[in-house]
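J.:
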Amino acid sequence: MPLLPSTVGLAGLLFWGGQTVNALMPNATLALAQTEGTAVWPLSGLGVPRYRRKRHISAGDMSALLDYHNHIRASVHPPAANMEYMVWDERLARSAEAWATQCIWAHGPSQLMRYVGQNLSIHSGRYRSVVDLVKSWSEERRHYSFPAPRDCQPHCPWRCSGPVCSHYTQMVWASSNRLGCAIHTCGSINVWGNTWHQAVYLVCNYAIKGNWIGEAPYKMGRPCSACPPSYQGTCSSNMCFSGLKSNRLLWF
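Below you can see the structure in the form of structure tokens.
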């Protein structure tokens, strides 16, 4: 039975255009309490390949995803006092690639979810740019009221029908300053009981992990007025800026 435009799913709305689903499962970026050492995310040995023969995302798509995330982060309302500039992280991209190639419509791998946040998007049908695949995440801001999600249901159980904002809050989580994504075309993939063919699957991993229950995604205030000391007061486009654009050269 095909998915209908009104179908909703696991903490995610169905966005119709061909077929497109964006989802954030609760175990991907939510935790009951922030445990000690959550800023540490040892990716080695957690499903992250050390070597690879080809990339599963182009340089253009990398830049587009990173630029779009930073645009959304710089334009939050109310303004953020501690929003950090996001950079590309090749370790996160490798972990996203390893998961995307499994063609499993769920968050994972489970051992990695303790350390990273994750947003997923999938599409079949006419071509869509990589930014089109993530725009629906940022559009969830209309359901979000700072500092608490009064109108959305980020803790939705399976196949809830309420509005969702957890993709958006992960995108704008101030300390989630590293991003790595991968795109893979799945010959067939089960999406909530329906088999999709030639589906474009996007996995984005974030560090440090955001969406901690009971916490706001950022501190409200004058941009860059509450940056972590490591930034030494440097600010760019309303974000705390270290001067590092990407660490990708360290990981090829």
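Residues -23 to -1, 1 to 229, numbered by mature numbering (1 follows the signal peptide of the UniProt record, and there is no 0), are exactly what the sequence shown covers, in order. For each residue, glycine too, the CB sits at the ideal point set by N, CA and C. Fair warning: this is a prediction, and the values are worked out from it, not measured in the lab.
Assign residue 210 to one of two classes, buried (16 or more other C-beta atoms within 10 Å of its C-beta) or exposed (fewer than that).
T.: exposed
J.: Take residue 48 as the anchor and find which of 219, 220, 215 has the nearest alpha-carbon.
T.: 215
J.: For residue 104, is the classification buried or exposed, using 16 other Cβ atoms within 10 angstroms of its Cβ as the cut-off for buried?
T.: Burial call: exposed.
J.: Name the two residues that bound the continuous alpha helix (DSSP H) containing residue 110.
T.: Unbroken alpha helix (DSSP H) run through residue 110: 107 to 116.
J.: Mind reading off the beta-carbon distance from residue 74 to residue 100? Whole number of angstroms is fine, and I expect it under 8 Å.
T.: Not really, about 18 Å apart at Cβ, beyond 8 Å.
J.: Looking only at its chain, what residues have a beta carbon closer than 7 Å to the beta carbon of residue 164, apart from the 5 residues adjacent to it on each side?
T.: 174, 175
J.: Rounded to a whole number of angstroms, what is the C-alpha to C-alpha distance between residue 191 and residue 98?
T.: 26 Å
J.: Whole beta strand (DSSP E) runs in the stretch 134 to 179 with 3 or more residues, listed along the chain?
T.: The stretch 134 to 179 contains these whole beta strand (DSSP E) runs: 155 to 168.
J.: So what does residue 181 bridge to, in DSSP terms?
T.: 96, 158
J.: On a Cα-Cα basis, can you pick out the residue from 119, 206, 116, 179 that is closest to residue 85?
T.: 179
J.: Are residue 182 and residue 95 close, meaning C-beta to C-beta below 8 Å?
T.: yes
J.: If you draw a straight line from the C-alpha of residue 93 to the C-alpha of residue 115, how long is it?
T.: 19 Å
J.: Restricting to Cα atoms, I'd like to know which of 41, 152, 113, 38 is closest to residue 145.
T.: 113
J.: Taking all protein chains shown into account, decide if residue 87 is buried (16 or more other Cβ within 10 angstroms of its Cβ) or exposed.
T.: Per the 10 Å Cβ criterion, exposed.
J.: So, helix, strand or coil for residue 65, using DSSP?
T.: strand
J.: Over what stretch of residues does the alpha helix (DSSP H) that includes residue 215 continue unbroken?
T.: Run containing residue 215: none; DSSP gives neither H nor E here.
J.: Please look up how many angstroms separate the CB atoms of residue 217 and residue 62, rounded, as I've assumed it's under 8 Å.
T.: 6 Å
J.: In angstroms with no decimal places, state the Cα-to-Cα distance between residue 219 and residue 151.
T.: 14 Å
J.: Which value, in whole angstroms, describes the spacing of the CA atoms of residue 41 and residue 102?
T.: 21 Å
J.: Which value, in whole angstroms, describes the spacing of the CA atoms of residue 212 and residue 159?
T.: 29 Å
J.: Please report the distance separating the alpha-carbon of residue 107 from that of residue 91.
T.: Near 26 Å, if we compare the C-alpha coordinates of residue 91 and residue 107.
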